[in-house]
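In full-length UniProt numbering, the protein residues as written are 1 to 151. Below is one structure, written out as structure tokens, with a few remarks after it.
What follows is the structure in structure tokens.
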């Protein structure tokens, strides 16, 4: 049975995407949502640029069968530090929690919301270039949580 786990990533912009590619080549389902927003350039006035930021900086969700013994391969993967642990083993994330996270990302218009296997409903999301004030206020909260988001 496939279960969801959370891994801690090494810091650096390109390392997360390299880890995502390597993990997907091993057959692991990855979920690393990126939020695209427009930001004013500092070097040129009245010019905007698109900035990509991870919705969960430093973390990536993984889904794989625990009987495949991929734990050591995942931890040795380039860009991955370790699994987030609870007690003696890696923390397992319930499907209901992942369904809520994926649904929230889908409604936010976050890129990379596609899950093709497991008990989670198949959903796809596209990048939205403009966000309303309600979404920006959720993202700019001090603790960066999604608890106050009203969908």
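Note that the Cβ used here is the ideal one computed from N, Cα and C, for glycine as well.
Helix, strand or coil at residue i [DSSP, three-state]
| i | result |
| --- | --- |
| residue 108 | helix |
| residue 15 | helix |
| residue 120 | Its pLDDT being 37, under 50, residue 120 is placed unreliably by the model, and the measurement read from it follows with that caveat. Of the three classes helix, strand and coil, the one that applies to residue 120 here is coil, per DSSP. |
| residue 72 | helix |
| residue 10 | coil |
| residue 98 | helix |
Contacting residues, own chain, Cβ-Cβ under 6 angstroms from residue i (five flanking each side not counted)
| i | result |
| --- | --- |
| residue 31 | 61 |
| residue 90 | 5 and 83 |
| residue 3 | 66 and 92 |
| residue 53 | 35 |
Run of the beta strand (DSSP E) containing residue i, from where it starts to where it stops
| i | result |
| --- | --- |
| residue 38 | 34-40 |
| residue 43 | Where residue 43 is concerned, there is no enclosing beta strand (DSSP E), given that its DSSP letter is neither H nor E. |
Same chain, Cβ closer than 8 angstroms to residue i, neighbours up to 5 away in sequence not counted
| i | result |
| --- | --- |
| residue 77 | 19, 22, 23 and 26 |
Assumed close pair residue i, residue j - CB separation to whole angstroms, cut-off 8 angstroms
| i | j | result |
| --- | --- | --- |
| residue 10 | residue 81 | 6 angstroms |
Cut-off 7 angstroms between Cβ atoms - residues of its own chain near residue i, not counting five sequence neighbours on either side
| i | result |
| --- | --- |
| residue 40 | 48 |
Contact with chain C by residue i, beta-carbon distance below 8 angstroms
| i | result |
| --- | --- |
| residue 73 | The chain labelled as chain C is not found in the depicted structure, where only one protein chain is given. |
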